[in-house]
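K.L.:
If you scroll down you'll find the structure; I have some questions about it.
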Amino acid sequence: MQSIISSQKLTKEFQSYKKEPGFLGTLKSFVSRESIRKKAVDEFSFNIEEGEIIGLLGPNGAGKTTLMKMFTGIIVPSSGELSIMGHRPSDRDKQFRKNIALVMGQKSQLWWDIPAMDSFLLLQRFYEVSDADFEERIEEMSTLLGVKELLNVHVRKLSLGERMKMELMASLLHNPKVIFLDEPTIGLDLVAQENIRQFILDFHRKNNTTIIITSHYMADVNALCERLVLIFDGKKAFDGPISEFEKILGSEKNVSFTFDSSQDTAAEIWNDRDADWNENKTVVELRIPEESLREVSLEILKYLPVTEFNTEKMPIERVMKTLMENPEILRNCEGSGENMLCR
Amino acid sequence: MKQSPLRHYWQVYKKMASTSASVEMSFRISFCLLVLMDLFFFLSILASVSFIYDHVQTIGPWNRDQLLFFSAFMLTIDNIHMGLVSTNFWMLSFAIRTGELDFTLIKPTHSLFTVFFRQIRPSSFVTLPVAWGILIHYGIKVQLSALDWCLIPLFLILGLTLLCLIEFIVSTSMFWLTEGTGINFLRMQMQQLSRWPNFVYSSLSRKVLTTALPVLLIGSAPVHFIYDKNYWPLIVAMLVAIAACYSVLLFVWNIGLKNYDSASS
Amino acid sequence: MSLNLLKWWQTIKVSWVKYTAYRLNFFLQIVGPVLVFFFIKYNLWSAIYGENPEQMIQGYNLKSMVTYHIWSMIVTMIGQGHASYNMSEDIRMGRISSYLIYPFNFWEFHTASFLSFQFLQLFISGVTIAILVAFNFVELPSTYFLFHGVLYTLFISLFWFTLQYMAGLLSFWLEETWILRVLMGIVTGFLSGYLFPLDLYPDWLVSLLQYTPFPYLTYYPIKIFMGQPSPLWIGYAMIGLWIIIGATINHLIWKKGIKLYTAAGM
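Chains as they are written, first to last, in the numbering used here: chain A, 1 to 343; chain B, 1001 to 1265; chain C, 2001 to 2266.
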């Protein structure tokens, strides 16, 4: 079966100009401008099957948004192949556009000065949604998201979280087959983030929608995605299940202990565990191989005055941070896999 | 819900119009100021023409009433233009700068339609009777025939169509600019040029403004024809210009879309 | 004190860079309209005089009519080119908060930006006039009248700045202030002699206008450049009075607006 989304060596190049500061710089750039070509996305290939939820990760400026905009047909690739549901997005077929949705956490498609409901009614016309479907979906989504009372409030009066929920509803009214979520939870409080994640999962379960999501919050990725795609400098750096991603830096677990008094940091038990102490020597973070986790922890709990004991909740957060600070880790193991540079 | 494309577009247009109207009407002071602005604009144009004729008998071949009828014709086109499309040009430069255009482009309607017909300006409907009143007043003064009266609505539509097409083409250049507001000023200058009859311009500029940038055909062609049916080639030229502009528009618009980089990618 | 001047100087420089960053935009928005309008008026009057450029229409032959419009173009460039659009944006987008924190006032920032704009406009009008003189379209007046004309026009630009500033401040209450600006432009364009010499207007209107600031905005300075000044102190007194009135009103509006802003958080 053909994948619902497949891209082959997808590339997008942007051109920009240099300008030095000040009046002289203005004059200089008036006479001759030095152009800079930058590959925002560089030979990006991957396949997505129907019903998958993919997390697209990478630092700011890595090319995630550019990629999303190529997927939605907003910008045209410089080279490479892209096929979504059998369409080439840049052709912008009506049928293609009717079956996709784009949500951008940083931008709004709702009209600022009127209630969200008015925008929804306009979207209903755009996407030719029947009245019955429309009412049913509004009812269902607004109940799930808890914004039923806010449908008739001016959008500018809504909080960021409430507005984002409305944005989600606006994008999903036409029951799209593929959804692109570009940082949907950015700037939201924890409860709103959680609501939105739950809603997306629900929507996915009911409709078996294919979803691509970018986010800087690892909690989003952890909750929603099974598969992760990492993009660095426009290039794909990792593509695989989350469980594999967590093990990029090795299979040790991070564990932290808090004690009620200062401890002897030179004791034998801390050796070879990358012990990282706080100033008062009351908190330590250790890296323990998976197979000896039980044994070591038990020993510490038994002999030392432990008041708190934590294992790492989201290993991907640590992996992501380490990779962003040391991108050479990925480059070093380049060529070790086919598409997946680091396994 | 299956429906014919025409019906689909009509449904969308109705909703876009009513939504934007309700937004605009909620800004009451702005709304009143817009009406006032339109009225002053009409007054200043007509008064200037009239003052000039206090001191001369004719300008080119036309006397006072003939030129005033021409001005009224252009004002009416301007009035409809203001009401139906003008806001959208400003929205476009804004939408490109902020990247809001992204949402417009993924809608399942033709992007030209969604971009240029999204917002109406209801205040122009308040001044519409004034514009038509002026047009009819001077129409009676220049003693139009029954046929001419029938032709006027058609010519208004043709003139408006040509004006819009030229402006759409010019606005396409915004895709290449980070700051496209200036293009709107360029557009308004083209309107200014079209607001005077073609014989005012020297032969070279008249040729350029009739062929390469056919803004002089918008009003001068129909009004000349109304006064003197021997001017029918101007109407043919107008129709050719509309057809040509339409194909140029489709061509450059597609290139523009390809070139659209989308803000803050 | 000198530190404060430094702030002004740096603001002027930054504004200069902003204005010149989008050259095409600046040209189309500020310079283009004036040039196109001159082009239209030149053609229009050539057509009106037709075969007989020496005939006198209210004391103007074709040459002096064209001269009038050339100077009207220059007066417009120097006198009323500036529009504080970014000021409205500052207020509407809530960026005003940063001015409340900066040790540099809102009005200082925008006035510095206005000065920067004026340097640019003086430069552009200088180039325009040099070209027109070089191609013999217009004769340069005596140094006295040229100097005096520029000085008076700069004085007028202060008046326009006060008005534009007022329109900008109204953003506290109004969604779209461009309507006000366009409205002002239409009314003054018509009443100040920008469209064509006031000598062509009906007598009753001209004598009525004497009691308004309008003729002193365009008609008077053009007459200075053309070497035919009327008693000047009236212009300075009239415009000066309006600047003071305008500045006082602006001060009051600002105080009211900022109260509204800080109280409601807008």
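All residues carry an ideal CB built from backbone N, CA and C; glycine is no exception.
Tell me the DSSP secondary structure of A:ALA101 in three-state form.
P.N.:
As a position in the first sequence, residue 101 of chain A is number 101, starting the count at 1. Of the three classes helix, strand and coil, the one that applies to A:ALA101 here is strand, per DSSP.
K.L.:
Would C:GLY2185 and C:MET2087 qualify as a contact pair, given that the criterion is a beta-carbon distance under 8 Å?
P.N.:
Numbered from its first residue, the third sequence carries residue 2185 of chain C at position 185. Numbered from its first residue, the third sequence carries residue 2087 of chain C at position 87. Not a contact, by the Cβ cut-off of 8 Å.
K.L.:
Counting only beta-carbon separations shorter than 8 Å, does B:SER1123 have a partner in chain A?
P.N.:
Looking up residue 1123 of chain B in the second sequence gives position 123. Taking Cβ atoms only, chain A never reaches closer than 8 Å to B:SER1123, which makes this a no.
K.L.:
Which residues share a DSSP beta bridge with A:HIS154?
P.N.:
Position 154 of the first sequence, counting from 1, holds the residue named residue 154 of chain A. A:PRO115.
K.L.:
At the level of alpha carbons, what is the spacing between A:VAL306 and A:PHE44?
P.N.:
Counting from one through the first sequence, the residue named residue 306 of chain A turns up at place 306. Counting from one through the first sequence, the residue named residue 44 of chain A turns up at place 44. The straight-line gap from Cα to Cα measures roughly 49 Å.
K.L.:
Could you give the DSSP three-state label for A:PHE257: helix, strand or coil?
P.N.:
Translated into positions along the first sequence, residue 257 of chain A becomes position 257. A:PHE257 falls in the strand class under three-state DSSP.
K.L.:
Are the Cβ atoms of C:THR2143 and C:ILE2078 separated by less than 8 Å?
P.N.:
Along the third sequence, one-based indexing puts residue 2143 of chain C at 143. Along the third sequence, one-based indexing puts residue 2078 of chain C at 78. No; because the gap between Cβ atoms is not below 8 Å, this pair is not in contact.
K.L.:
According to a CB-to-CB cut-off of less than 9 Å, which residues of the region 2021-2041 of chain C neighbour chain B?
P.N.:
Within the region 2021-2041 of chain C, the qualifying residues are ALA2021, TYR2022, LEU2024, ASN2025, PHE2026, PHE2027, LEU2028, GLN2029, ILE2030, GLY2032, PRO2033, LEU2035, VAL2036, PHE2037, PHE2039 and ILE2040.
K.L.:
Please confirm if the region 1063-1073 of chain B is in contact with the region 1136-1152 of chain B, defined as three or more CB-CB distances below 8 Å between the two stretches.
P.N.:
Result yes; three or more Cβ-Cβ pairs closer than 8 Å.
K.L.:
Pull up the distance between the alpha-carbon of A:LEU110 and that of C:LEU2232, whole angstroms please.
P.N.:
Here the question's residue 110 of chain A lines up with position 110 in the first sequence. Here the question's residue 2232 of chain C lines up with position 232 in the third sequence. Distance between the alpha carbons of A:LEU110 and C:LEU2232 is about 56 Å.
K.L.:
Against B:VAL1023, what residues of chain A qualify as contacts under a CB-to-CB distance less than 8 Å, listed in chain order?
P.N.:
Against the second sequence, residue 1023 of chain B aligns to sequence position 23. Simply TRP111, ASP113 and ILE114.
K.L.:
Please confirm whether B:PHE1117 has its beta-carbon closer than 8 Å to some beta-carbon of chain A.
P.N.:
On the second sequence, residue 1117 of chain B is found 117 positions in, with the first residue counted as 1. False, the Cβ-Cβ gap to chain A never drops below 8 Å.
K.L.:
How many Å lie between A:ILE179 and A:LEU168 at the Cα?
P.N.:
Translated into the one-based positions of the first sequence, residue 179 of chain A becomes position 179. Translated into the one-based positions of the first sequence, residue 168 of chain A becomes position 168. Computed Cα separation, rounded: 10 Å.
K.L.:
Using three-state DSSP, classify A:PRO241 as helix, strand or coil.
P.N.:
Indexing the first sequence from 1 puts residue 241 of chain A at position 241. Correct three-state label for A:PRO241: strand.
K.L.:
Taking only beta carbons into account, state which residues of the region 2165-2192 of chain C come closer than 8 Å to chain B, listed in chain order.
P.N.:
Taking 8 Å as the Cβ-Cβ cut-off against chain B, the residues of the region 2165-2192 of chain C that qualify are TRP2173, LEU2174, GLU2175, GLU2176, ILE2179, LEU2180, VAL2182, LEU2183, ILE2186, VAL2187, GLY2189 and PHE2190.
K.L.:
Under a Cβ-count criterion, where at least 16 other Cβ atoms within 10 Å of its own Cβ denotes burial, should B:SER1265 be classed as buried or exposed?
P.N.:
Working through the second sequence from its first residue, we reach residue 1265 of chain B at position 265. With a pLDDT of 43 at B:SER1265, under the threshold of 50, the modelled position of this residue cannot be trusted, and the question is left open.
K.L.:
Where does B:ALA1131 land, buried or exposed, given buried means 16+ other C-beta within 10 angstroms?
P.N.:
By one-based count along the second sequence, residue 1131 of chain B stands at place 131. Buried is the call here.
K.L.:
Please say whether A:PHE96 and A:ILE114 have beta carbons closer to each other than 8 Å?
P.N.:
Along the first sequence, one-based indexing puts residue 114 of chain A at 114. Along the first sequence, one-based indexing puts residue 96 of chain A at 96. Against a cut-off of 8 Å, the Cβ pair of A:PHE96 and A:ILE114 comes out as no contact.
K.L.:
Looking at the unbroken beta strand (DSSP E) that takes in A:ILE231, where does it start and where does it end?
P.N.:
In the first sequence, residue 231 of chain A corresponds to position 231, counting from 1. From DSSP, the beta strand (DSSP E) with A:ILE231 extends over 227-232.
K.L.:
Here's the rule: buried if 16 or more other CB atoms are within 10 angstroms of the residue's CB, otherwise exposed. What is B:CYS1150?
P.N.:
The sequence position of residue 1150 of chain B within the second sequence is 150, counting from 1. Answer is exposed; the Cβ neighbour count stays below 16.
K.L.:
I'd like to know if A:VAL76 contacts chain B, where contact means its C-beta is closer than 8 Å to some C-beta of that chain.
P.N.:
Position 76 of the first sequence, counted from the first residue, corresponds to residue 76 of chain A. Yes, A:VAL76 counts as interfacial toward chain B.
K.L.:
Short of 9 Å Cβ to Cβ, which residues in the region 117-137 of chain A face chain B?
P.N.:
Against chain B - using a Cβ distance shorter than 9 Å - the residues of the region 117-137 of chain A are ASP118, SER119, LEU121, LEU122, LEU123, GLN124, ARG125, PHE126, TYR127, GLU128, VAL129, SER130, ASP131 and ASP133.
K.L.:
Within 10 Å of its beta-carbon, does A:GLY337 have 16 or more other beta-carbons around it, so buried, or fewer, so exposed?
P.N.:
Against the first sequence, residue 337 of chain A aligns to sequence position 337. Residue placement at A:GLY337 cannot be trusted, given a pLDDT of 41 that sits under 50; the coordinates are not used to answer.
K.L.:
So, does the CB of B:GLU1100 fall closer than 8 Å to a CB anywhere in chain A?
P.N.:
By 1-based counting over the second sequence, the position of residue 1100 of chain B is 100. Yes, its Cβ sits closer than 8 Å to a Cβ of chain A.
K.L.:
Given a limit of 7 Å on CB to CB distance, which residues of the region 1057-1080 of chain B reach chain A?
P.N.:
Here the close residues number zero.
K.L.:
What would DSSP say about A:VAL147, mapped onto helix, strand or coil?
P.N.:
By 1-based counting over the first sequence, the position of residue 147 of chain A is 147. It is coil, neither helix nor strand.
K.L.:
Using a Cβ-Cβ cutoff of less than 7 Å, which residues in the same chain neighbour C:LEU2158 once the five nearest sequence positions on both sides are dropped?
P.N.:
Taking the first residue of the third sequence as position 1, residue 2158 of chain C is located at position 158. Excluding positions up to five away in sequence, the list reads ILE2243.
K.L.:
Verify the CB distance criterion: does B:MET1037 have a CB-CB separation below 8 Å to chain C?
P.N.:
Translated into the one-based positions of the second sequence, residue 1037 of chain B becomes position 37. Chain C contact via Cβ: present.
K.L.:
Per DSSP, what are the beta-bridge partners of A:VAL308 in this structure?
P.N.:
As a first step, residue 308 of chain A is located in the first sequence; it is residue number 308 there, counting from the start. Strictly speaking, residue 308 of chain A in this sequence is Glu, with Val absent from that position. Looking at the DSSP assignment, A:GLU308 forms a beta bridge with A:THR258.
K.L.:
Who are the Cβ neighbours of A:PHE14 in its own chain at under 7 Å, not counting the five residues just before and after it?
P.N.:
In the first sequence, residue 14 of chain A corresponds to position 14, counting from 1. Once the five neighbours on either side are set aside, the close Cβ partners of A:PHE14 are LYS38 and ALA40.
K.L.:
Mind listing, in chain order, the continuous alpha helix (DSSP H) runs of no fewer than 4 residues lying wholly within the region 1120-1177 of chain B?
P.N.:
Qualifying alpha helix (DSSP H) stretches, in chain order: 1123-1141 and 1146-1172.
K.L.:
Considering Cα atoms alone, identify which of A:PRO176, A:LYS165, A:LEU173 and A:ALA170 is closest to A:GLU194.
P.N.:
Within the first sequence, numbered from 1, the residue matching residue 194 of chain A stands at position 194. Taking only the C-alpha atoms, the option nearest A:GLU194 is A:LYS165.
K.L.:
Find the nearest neighbour of C:ARG1994 within the set C:VAL2150, C:GLY2193, C:HIS2069 and C:PHE2161, judged by alpha-carbon distance.
P.N.:
Summary: the structure shown does not reach residue 1994 of chain C, with chain C confined to residues 2001 through 2266, and so no result is reported for it.
K.L.:
Since C:GLU2139 contacts C:TRP2008 with CB under 8 Å, what's their CB separation in whole angstroms?
P.N.:
Here residue 2139 of chain C corresponds to residue number 139 of the third sequence, with the count starting at 1. Here residue 2008 of chain C corresponds to residue number 8 of the third sequence, with the count starting at 1. Contact doesn't hold; Cβ gap of about 38 Å is too wide.
K.L.:
Are the C-beta atoms of C:ALA2047 and some chain B residue less than 8 Å apart?
P.N.:
Against the third sequence, residue 2047 of chain C aligns to sequence position 47. Yes, because at least one Cβ of chain B sits closer than 8 Å to the Cβ of C:ALA2047.
K.L.:
Taking the alpha carbon of C:TYR2211 as the point to measure from, which residue in C:GLY2235, C:SER2230, C:PRO2202 and C:TYR2201 has its own alpha carbon closest?
P.N.:
What you label residue 2211 of chain C is simply residue 211 of the third sequence in a count that begins at 1. Here the closest residue by C-alpha is C:GLY2235.
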